[in-house]
């Protein structure tokens, strides 16, 4: 798919109007909620040093994943993101499990975000009930995404900016001495469970950054994907690294470690402990806004993943329709609502969220692997094939796969059944879709549709072809 | 359009593209500076407050520093590549029109 130079729309397809700040808003919007809540379970497992270790290890892995997503997204320019990369460069079984994993990851997160918004709303206005407010939030965000991607992501930009501004303001005021901190808390809760705690903390490290790879999923709707995706994705990754460091500093110096490990809204609690009203208000509003932004971004990404699966007939092609007026994959967007509601009221939300993390980690193995395969198939860096080429590849891709497997293995402590169930689910999906696709035509990627030449055959492939011909004789 | 008009239009486009590329470069530089300063501030704060614990586990500090170094190096080279890619393709794909 050659990059357009002048068109802002694509007849019969998705509208191409997004800019780098929309990519940033999509990525950071989904993830920033993890810095407002959830990451602090690293403290419960490994104390302050465990949390810092988890943040640095996960941060390094996500930096690499971001670079892989930038390169693959700006090259393929397709809405399915990790699914399309696996389909093109790995195979149909891997594509199906990545598509499902991305869908599950974002739908589960949307359900959790909508419930948190409803809880906060019911705490502010006690007359409101959680169930109808959750339904209202899911319905409203589905409608916004149905009406158009530009409106949805511009809203995400505003919400995310405000939420990030709240963290920055609070951090600089605290670091410059306007808020009294307690450095003693850092020593008291430095490493309560010893070295084993450091590794146990790794399982919650992804909370700081979980979902940033989703930023590249709007590549098909970008005006200039070869600029918007790498710039927006890297700016988003740096924003999250900065936000994670600020959050860790604020919370560990303002909340005793015992309380921080079990806090529901750690940043808001840190603001409450500061005793400064403006920060309490800012971080309270920030918590609410970041949950809405995350749910909004999840509707966008989950629907694109389902749309891409449908377009290639992994699921019913009925979902691949594009709205004639709004140019959105409206059937896939609407379909996110009942699934999110079912997840939200399943009664197993904590299990669903853990499943979401397992799904994410599986993607973090397959995204770098897709990049390694992409580089092998298309070693040349022309502006048509690879307008952005990330550095130090494929070595850092192998490194990221190693860290993702390491983090996945730490889930065995405490979440072994979730991990085993997740791996079993995706193994069955792999074999089911691989065998199903064997019997359908048109499985080979059509490189010409991407505007690419046929890839050069490796000596191994040539050898295989020769032996196949000999076998058939 | 006359040759003089064409030259003026081309110079205006070059100037516009140069200034827009500078804006992207400044954005990248500011973000990287913020990243280095905030991360180093955090690591310094945690290390200085937990010195007694870290002295018990002498092998830990190099591991932390290794990951800080890796993160900074990969992100910095990645951002420089983003700038290089924008500069290389900005006229071909008309990024700033």
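Protein chains in written order, with my numbering: chain A, 284 to 756; chain B, 34 to 130. We put the CB at the ideal spot given by N, CA and C, even for glycine.
Quick check on residue i - is its C-beta less than 8 Å from some C-beta in chain A?
i                      : result
residue 94 of chain B  : no
residue 64 of chain B  : yes
residue 82 of chain B  : yes
residue 51 of chain B  : no
residue 72 of chain B  : yes
residue 39 of chain B  : no
residue 54 of chain B  : no
residue 43 of chain B  : no
residue 126 of chain B : yes
residue 78 of chain B  : yes
residue 59 of chain B  : no
residue 91 of chain B  : no
From the options, pick the residue whose C-alpha is nearest to that of residue i; which is it?
i                      : options                    : result
residue 512 of chain A : A/706, A/739, A/732, A/359 : A/359
residue 454 of chain A : A/493, A/526, A/483        : A/526
residue 77 of chain B  : B/63, B/61, B/94           : B/94
residue 69 of chain B  : B/107, B/126, B/128        : B/107
residue 487 of chain A : A/739, A/434, A/317, A/582 : A/317
residue 73 of chain B  : A/299, A/594, A/303, A/528 : A/528
residue 307 of chain A : A/320, A/686, A/517        : A/517
residue 545 of chain A : A/320, A/579, A/382, A/348 : A/320
residue 732 of chain A : A/299, A/361, A/444        : A/361
residue 532 of chain A : B/122, B/86, B/81          : B/81
residue 478 of chain A : A/414, A/329, A/382        : A/329
residue 425 of chain A : A/676, A/617, A/708, A/645 : A/617
Hey, would you say residue i sits closer than 8 Å to residue j, going by beta carbons?
i                      : j                      : result
residue 712 of chain A : residue 398 of chain A : no
residue 650 of chain A : residue 496 of chain A : yes
residue 4 of chain B   : residue 514 of chain A : Past the edges of chain B, shown from 34 to 130, lies residue 4 of chain B, and the structure says nothing about it.
residue 556 of chain A : residue 571 of chain A : no
residue 543 of chain A : residue 326 of chain A : yes
residue 378 of chain A : residue 366 of chain A : yes
residue 126 of chain B : residue 664 of chain A : no
residue 611 of chain A : residue 429 of chain A : yes
residue 581 of chain A : residue 392 of chain A : yes
residue 315 of chain A : residue 623 of chain A : no
residue 602 of chain A : residue 620 of chain A : no
residue 313 of chain A : residue 434 of chain A : no
residue 689 of chain A : residue 438 of chain A : no
residue 654 of chain A : residue 351 of chain A : yes
residue 559 of chain A : residue 297 of chain A : no
residue 120 of chain B : residue 54 of chain B  : yes
residue 569 of chain A : residue 450 of chain A : yes
residue 105 of chain B : residue 340 of chain A : no
Would you identify the three-state DSSP class for residue i, choosing helix, strand or coil?
i                      : result
residue 301 of chain A : strand
residue 732 of chain A : helix
residue 327 of chain A : helix
residue 448 of chain A : helix
residue 535 of chain A : helix
residue 624 of chain A : helix
residue 755 of chain A : For residue 755 of chain A, the predicted structure reports a pLDDT of 48, less than 50, and the residue's modelled location is therefore unreliable. A value from the coordinates is still provided. Residue 755 of chain A falls in the helix class under three-state DSSP.
residue 573 of chain A : helix
residue 376 of chain A : helix
residue 412 of chain A : coil
residue 597 of chain A : coil
residue 476 of chain A : coil
residue 111 of chain B : helix
DSSP beta-bridge partners for residue i?
i                      : result
residue 505 of chain A : A/301
For a cutoff of 8 Å on Cβ pairs, would you count residue i as touching chain B?
i                      : result
residue 479 of chain A : no
residue 347 of chain A : yes
residue 412 of chain A : no
residue 336 of chain A : yes
residue 507 of chain A : yes
residue 532 of chain A : yes
residue 521 of chain A : yes
residue 716 of chain A : no
residue 331 of chain A : yes
residue 343 of chain A : yes
residue 517 of chain A : yes
Shorter than 7 Å, the distance from the beta carbon of residue i to the closest heavy atom of the ligand ZN, or not?
i                      : result
residue 558 of chain A : The ligand content of the structure shown is nil, which means the ligand ZN is not present either.
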